[in-house]
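A.B. asks:
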Amino acid sequence: MNDTRKSRWIVEALDLHERSLIRFACWILNDFESAREVVQETFLRLCKEDPDRVSGHLAQWLFTVCRNLAYDVRRKETRMAPLGQIEAGMAPGLDEKQTVSEILQVVETLPRNQREVIYLKFQCDLSYKEISEITKLSVSNVGFLIHTAVRNIRQHMLSEPTRRMS
43 MNDTRKSRWI VEALDLHERS LIRFACWILN DFESAREVVQ ETFLRLCKED
93 PDRVSGHLAQ WLFTVCRNLA YDVRRKETRM APLGQIEAGM APGLDEKQTV
143 SEILQVVETL PRNQREVIYL KFQCDLSYKE ISEITKLSVS NVGFLIHTAV
193 RNIRQHMLSE PTRRMS
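Each residue of the sequence shown is one higher than the last, beginning at 43 in the working numbering.
Structure follows, in C-alpha cells:
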C-alpha cells in the first residue's frame, strides 16, 4: 500500500473509530485527557502497522490496543472509571420511559466484567466476536455475560420502579 492510500486508510479509521475509542478509554480511566492520549497512542501504533495485517479486523485491533493501553495507564495511576459517569446507550428491551441515568445506576452494581461487555456492546456497538477478541473471553462467555447483565438490569428496573415527579 502506498503512502497516500495508507494515509487515507488511517484518516478513515480515525473518522470512524476515534469517538468510540475515546469514550471507551474514558470509561476505563475516568479522565478525558488521559483517554485522548491513549487513543492518540493507539492511532500512532496503527500508523506503524501493516494495513494488510489488520484490515479484516480493524475495530477489534483498535479496541484491543486502546484497552490494553488504558489498563496500563490505569494500573500506573490506580484509578478506575465507573460507567455511570459517562454517557452510555440503553440496553434493548427496557421500557423507553426509564432514563439512561436510572439504568446506569443499575449497571454500576454489576460485576466489572459484565459492565465492560455491556459497554462494548451497547455504547461501542461491537459484535460478540469483536468483544471476545478485545477482552480475550470466548464468544459464548461474552454472550453469557451480556445476557446475564441485561437480565439483571431488566429485573431490577421492573422490580424497583422509580418515583417520577409529575
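Even for Gly, the Cβ is constructed at its ideal location relative to N, Cα and C. Please read these numbers as outputs of a predicted model, since none were measured by experiment.
For E60, which residues in the same chain have their Cβ closer than 7 Å to its Cβ, ignoring the five residues on either side in sequence?
C.D. replies: On the sequence shown, residue 60 is found 18 positions in, with the first residue counted as 1. V81.
A.B. asks: What residue ranges within the segment 153–207 form continuous alpha helix (DSSP H) runs of no fewer than 4 residues, ordered along the chain?
C.D. replies: With a minimum length of 4 residues, the continuous alpha helix (DSSP H) runs that stay inside the segment 153–207 are 154–160, 170–177, 181–201.
A.B. asks: Report yes if the CB atom of I160 is closer than 8 Å to the CB atom of I188, and no otherwise.
C.D. replies: Residue 160 sits at position 118 when you count from the first residue of the sequence shown. Residue 188 sits at position 146 when you count from the first residue of the sequence shown. Yes; because the gap between Cβ atoms is below 8 Å, this pair is in contact.
A.B. asks: Grouping DSSP H, G and I as helix and E and B as strand, with all else coil, what is E150?
C.D. replies: As a first step, residue 150 must be located in the sequence shown, where it is residue number 108. Three-state result, E150: coil.
A.B. asks: For the alpha helix (DSSP H) containing D114, list its first residue and its last residue.
C.D. replies: Counted from its first residue, the sequence shown places residue 114 at position 72. Per DSSP, D114 belongs to the alpha helix (DSSP H) from 100–119.
A.B. asks: Decide if K178 is buried, meaning its Cβ has at least 16 other Cβ atoms within 10 Å, or exposed.
C.D. replies: Within the sequence shown, the letter at position 136 stands for residue 178. K178 should be labelled exposed.
A.B. asks: Report the rounded CA-to-CA distance for R95 versus C166, giving the unit in angstroms.
C.D. replies: As a working mapping, residue 95 is identified with position 53 in the sequence shown. As a working mapping, residue 166 is identified with position 124 in the sequence shown. Each residue's Cα considered, the two are about 23 Å apart.
A.B. asks: With a cut-off of 8 Å on the beta carbons, I'd call A55 and L104 a contact; round off their distance for me.
C.D. replies: As a position in the sequence shown, residue 55 is number 13, starting the count at 1. As a position in the sequence shown, residue 104 is number 62, starting the count at 1. Contact flag correct, Cβ pair sits at about 7 Å.
A.B. asks: Alpha carbon to alpha carbon, how far is S62 from S201?
C.D. replies: Taking the first residue of the sequence shown as position 1, residue 62 is located at position 20. Taking the first residue of the sequence shown as position 1, residue 201 is located at position 159. Each residue's alpha carbon lies about 32 Å from the other.
A.B. asks: So does E172 have its beta carbon nearer than 7 Å to some heavy atom of the ligand NAP?
C.D. replies: The ligand NAP is absent from the structure shown, which contains no ligand whatsoever.
A.B. asks: In its own chain, which residues sit with a C-beta less than 6 Å from the C-beta of W51, not counting the 5 before and 5 after it?
C.D. replies: Within the sequence shown, residue 51 is the residue found at index 9, counting from 1. Once the five neighbours on either side are set aside, the close Cβ partners of W51 are P93.
A.B. asks: Near A101, what residues of its chain come up, given a Cβ to Cβ distance below 7 Å and the 5 sequence neighbours on each side ignored?
C.D. replies: Position 59 of the sequence shown holds residue 101. Cβ within range, chain order: H59, L168, E172.
A.B. asks: Between T106 and I176, is the Cβ-Cβ spacing less than 8 Å?
C.D. replies: Indexing the sequence shown from 1 puts residue 106 at position 64. Indexing the sequence shown from 1 puts residue 176 at position 134. The answer is yes: Cβ separation under 8 Å.
A.B. asks: Around the C-beta of Q156, are 16 or more other C-beta atoms found within 10 angstroms, so that it is buried, or is it exposed?
C.D. replies: On the sequence shown, residue 156 is found 114 positions in, with the first residue counted as 1. It is buried - the Cβ of Q156 has at least 16 other Cβ atoms within 10 Å.
A.B. asks: Tell me which residues share the same chain as Y170 and place their Cβ nearer than 7 Å to its Cβ, disregarding the 5 neighbours each side in the sequence.
C.D. replies: Residue 170 sits at position 128 when you count from the first residue of the sequence shown. Contacts found: V181, V184, G185.
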